[in-house]
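Engineer: Sequential numbering of the sequence shown, starting at 6, is according to my numbering. No residue lacks a Cβ here, since even glycine has one placed at the ideal position from N, Cα and C. I am attaching a structure below and will ask some questions about it afterwards.
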Amino acid sequence: MALYGVLGDIHGNVEALEAVLAALDQRGVRRLLCVGDVVGYNADPDACIALLRARATQVIAGNHDLIGTRRLGFERCSNKARYSLQRTRQRLSQASGAWLRSLPSSLLVEGRLALVHGGVRDVQLYMTTPSHIRRNAELLREDFPTARVCFFGHSHEQRLYEVSGDEVEALPVGACRLAAERLYFINAGSVDAQRKREHRLAEFALFDSDAWTVEFHSVRYDAAATEAKAAVGGYRIVPFIDWLYTMRRRLSPT
Ligand SMILES: [Fe+2]
Ligand SMILES: [Fe+2]
Numbered sequence: 006m007a008l009y010g011v012l013g014d015i016h017g018n019v020e021a022l023e024a025v026l027a028a029l030d031q032r033g034v035r036r037l038l039c040v041g042d043v044v045g046y047n048a049d050p051d052a053c054i055a056l057l058r059a060r061a062t063q064v065i066a067g068n069h070d071l072i073g074t075r076r077l078g079f080e081r082c083s084n085k086a087r088y089s090l091q092r093t094r095q096r097l098s099q100a101s102g103a104w105l106r107s108l109p110s111s112l113l114v115e116g117r118l119a120l121v122h123g124g125v126r127d128v129q130l131y132m133t134t135p136s137h138i139r140r141n142a143e144l145l146r147e148d149f150p151t152a153r154v155c156f157f158g159h160s161h162e163q164r165l166y167e168v169s170g171d172e173v174e175a176l177p178v179g180a181c182r183l184a185a186e187r188l189y190f191i192n193a194g195s196v197d198a199q200r201k202r203e204h205r206l207a208e209f210a211l212f213d214s215d216a217w218t219v220e221f222h223s224v225r226y227d228a229a230a231t232e233a234k235a236a237v238g239g240y241r242i243v244p245f246i247d248w249l250y251t252m253r254r255r256l257s258p259t
């Protein structure tokens with residue numbers, strides 16, 4: 006039992022990851038859980054992987070980690086994601102690629118904390134509604150019968166859902182003590198905020214498995230530096246290529 010830093014959707018953004026790790030260091034948090042999408046979109050996949058490995062983070066694979074290492078295709082990607090992941094495939098070091106390929110698709114920590122990336126059985130599912138949570142709570146009970154909390158990512162929004170039988174309630178994100186007899190789905194948000202419209206803050210959560218509490222946090226980082234590196238490194242799609250990708254999809258839908 007421990008205090009965990011929960012994070013995900015880092016997407017090669019080393020400035021945001023460093024800011025989150027500094028905030029966790031300030032609080033004395035030593036154990037990290039990561040729900041995947043370590044790479045994609047931004048220019049520092051190797052540096053992000055090195056930071057996670059140095060802290061012995063427990064990490065699962067997200068869809069970007071699978072696509073970046075050629076274990077999943079581009080079929081369900083946006084044009085932006087597809088373009089940047091092609092760059093990731095070119096730039097990722099051999100050691101980073103091998104590490105990403107070694108990641109499990111899910112984890113069970115302490116026998117009661119499940120980690121998945123998208124849905125329980127679909128790495129590319131966006132769980133954004135109570136009905137998604139209701140369906141995935143059924144799958145969680147089948148696949149991880151001892152799990153009381155399911156940490157997930159992929160949708161890049163901080164969320165806390167409480168499940169009791171077939172009832173699903175979205176609770177406000179903040180600081181919350183969880184009920185022992187309920188099931189919870191928790192999205193700690195995204196470390197990478199480059200694609201967010203509302204803010205450029207790196208998000209994470211603290212989870213205390215002794216006190217059974219969760220806290221949601223966000224911190225500032227140097228988003229301009231991240232964006233400049235991504236542009237120079239060829240991770241940002243230009244409008245003409247965006248149009249070409251769209252045309253190609255229309256002519257030969259997959
Ligand atoms: Fe993501
Ligand atoms: Fe994802």
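Kindly indicate which residue of Ser169, Ser110 and Pro50 has the alpha-carbon position closest to the one of Asp148.
Structural biologist: With respect to the C-alpha of Asp148, the residue from Ser169, Ser110 and Pro50 having the closest C-alpha is Ser110.
Engineer: State yes or no: is the C-beta of Leu145 within less than 8 Å of the C-beta of Ala185?
Structural biologist: With respect to Ala185, Leu145 sits apart: the two C-beta atoms are not nearer than 8 Å.
Engineer: Nearer than 7 Å: is that true of the beta carbon of His69 relative to any heavy atom of ligand 2?
Structural biologist: yes
Engineer: Quick check on Arg87: buried or exposed, where buried means 16 or more other Cβ atoms within 10 Å of its Cβ?
Structural biologist: Buried, because 16 or more other Cβ atoms sit within 10 Å of the Cβ of Arg87.
Engineer: Which full runs of the alpha helix (DSSP H) of 4+ residues lie inside the stretch 6-90, going along the chain?
Structural biologist: 19-31, 50-59 and 68-73
Engineer: Tell me whether Asp197, by its Cβ, gets closer than 7 Å to a heavy atom of ligand 2.
Structural biologist: No, Cβ of Asp197 sits at least 7 Å from all heavy atoms of ligand 2.
Engineer: According to DSSP, is Ile242 part of a helix, a strand, or is it coil?
Structural biologist: DSSP, read as helix, strand or coil, puts Ile242 in coil.
Engineer: Go ahead and label Pro50 buried or exposed: buried means 16 or more other beta carbons lie within 10 angstroms of its beta carbon, across all protein chains shown.
Structural biologist: buried
Engineer: Going by CA-CA distance only, name the one from Val114, Thr251 and Gly239 that's closest to Leu8.
Structural biologist: Val114
Engineer: Under 8 Å between the Cβ atoms of Phe209 and Val40?
Structural biologist: no
Engineer: Please check the pair Asp14 and Ser195, which I expect to be a contact at CB under 8 Å, by giving their CB distance rounded to whole angstroms.
Structural biologist: Yes, they are in contact, since the Cβ atoms of Asp14 and Ser195 sit about 4 Å apart, within 8 Å.
Engineer: Closer than 5 Å is what we want: which residues have a beta carbon that near any heavy atom of ligand 1? List them in chain order.
Structural biologist: Asp14 and Asp42
Engineer: Could you tell me which of Tyr131, Thr151 and Asp171 sits nearest to Arg164, measuring between CA atoms?
Structural biologist: Tyr131
Engineer: For the beta strand (DSSP E) holding Asp127, just list the boundary residues, first then last.
Structural biologist: Where Asp127 is concerned, there is no enclosing beta strand (DSSP E), given that its DSSP letter is neither H nor E.
Engineer: Considering only their Cβ atoms, is the gap separating His122 from Asn68 smaller than 8 Å?
Structural biologist: yes
Engineer: On the criterion of 16 or more Cβ atoms from any shown chain inside 10 Å, does Ala152 qualify as buried, or is it exposed?
Structural biologist: buried
Engineer: For Leu57 and Tyr166, I'd like the C-alpha separation in whole angstroms.
Structural biologist: 27 Å
Engineer: My parser needs the alpha helix (DSSP H) runs of 4 or more residues fully inside the stretch 210-255; what are they?
Structural biologist: 228-237
Engineer: Decide yes or no for the touch test of the stretch 68-81 against the stretch 230-248: beta carbon pairs closer than 8 Å, at least 3 of them.
Structural biologist: In short, these stretches do not touch, since the Cβ pair count stays below three.
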